[in-house]
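Under full-length UniProt numbering, think of the first position of the sequence shown as 1, with each following residue one higher.
Every residue gets a Cβ at the ideal spot worked out from N, C-alpha and C, and that includes glycine.
First comes the structure, then the notes that go with it.
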Amino acid sequence: MAVRMLDVLDVPIAEYARSSCPSEGAPAALSDQLREALPHALERQEFELHYQPIFALEPFQLIGMEALLRWRHDYQEPVRPEQFIAAAEDSGDIHAITTWVFTTACRDFARIQRRTGQALQLSFNLSAYCVNHPCFIPWFCELLDDVPHVTEFLHIEITETSALVWTQRLLDFFQRLQVLGISTWLDDFGRGYSNLKYAADLPLKGIKMDRSLLTNVTEDPRSAQFYQDILQLAHNLGLEVTAEGVEQAGELRFLQISRCDYGQGFLFAPAMPIARFMDYVEASKTTGFPNPKEFATLQQTQ
């Protein structure tokens, strides 16, 4: 089994992560606490996955879900995923967490498919620090061998900031996934050093545009034009585009007019534990999802 390779990877990946670009995201004191607590989090089953629906915008329909990691911890203040992921990259625990996320997401995928009768696209995020470890590619391919029923529905996302740690190994990994029929996406585009050069260098299926780019599109013509220009350029490069963080009905109308391919956000649904997500999909078979024109009315009544 691929999990046995953890014995090989535990120490080397910790050393590799610390020697790579330093992670940011949490204050130093909190980072120290997180690094100390992370090794025990999996043992205590403190992690869980929530699933957020992803919709095609035209025609409007549910086409996928993103697996998002949550940590049930004892800290008084909520710890954002980017904070404890950064701590995991620094400590080397990111590989064990990645193993758990992937195996759990694939198991949940099978449960959702059996319950709902729908094979939705499954998106989840990989750390480039993990991918760049010398043993990662053969290890991950072993994991894929264990879940052949999932690969055609799998979307792997690498954050834009992670792509800054660009190496030949990262390119090799993306090319390997392409051969296996697995889609790769650049996540959080616009949050960091926005550069579509990565889209030209990496065999990407698409980009996910960060919420920060969408915030003012209904009020500021320049923001709207900027968003549309990126959309057009991405489409010219043969890329699909998902809008992240869709929260307002006006933003949805803008995205549809601008011919954005997909969207996800609180306007449609938050990320949910698997049981609630399956109920959500099941209920849609009876009631249907709201027509996009109805979102403005629904939003006013909430």
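Inter-residue Cα distance where the pair is residue i and residue j
i           : j    : result
residue 321 : F153 : Limits of the chain in this structure are 1 at one end and 302 at the other, which puts residue 321 out of reach.
Q178        : Q121 : 16 Å
A283        : A119 : 16 Å
H133        : F124 : 19 Å
E24         : A105 : Low confidence applies to E24: its pLDDT is 47, below 50, so where it sits in the model is not reliable enough to give any reading.
E36         : L126 : 22 Å
A243        : M65  : 14 Å
A224        : N216 : 7 Å
Per-residue DSSP class, three states only, for residue i
i    : result
A119 : coil
N125 : strand
L57  : strand
L180 : coil
E66  : strand
K197 : helix
H95  : helix
F140 : helix
E36  : helix
E48  : strand
Where the alpha helix (DSSP H) through residue i begins and ends
i    : result
K285 : 274-287
E240 : Careful: E240 lies outside any alpha helix (DSSP H), inside the beta strand (DSSP E) at 240-243.
D188 : Note, D188: premise wrong, no alpha helix (DSSP H); beta strand (DSSP E) at 183-189.
D229 : 221-236
F254 : 249-257
Residue i classed as buried or exposed, judged by whether at least 16 other C-beta atoms fall within 10 angstroms
i           : result
P138        : exposed
residue 303 : In the structure as shown, the chain starts at 1 and stops at 302, and residue 303 therefore has no counterpart that could be examined.
H40         : exposed
I257        : exposed
A269        : buried
F266        : exposed
Endpoints, the beta strand (DSSP E) within which residue i is located
i    : result
E157 : 154-159
G206 : 206-209
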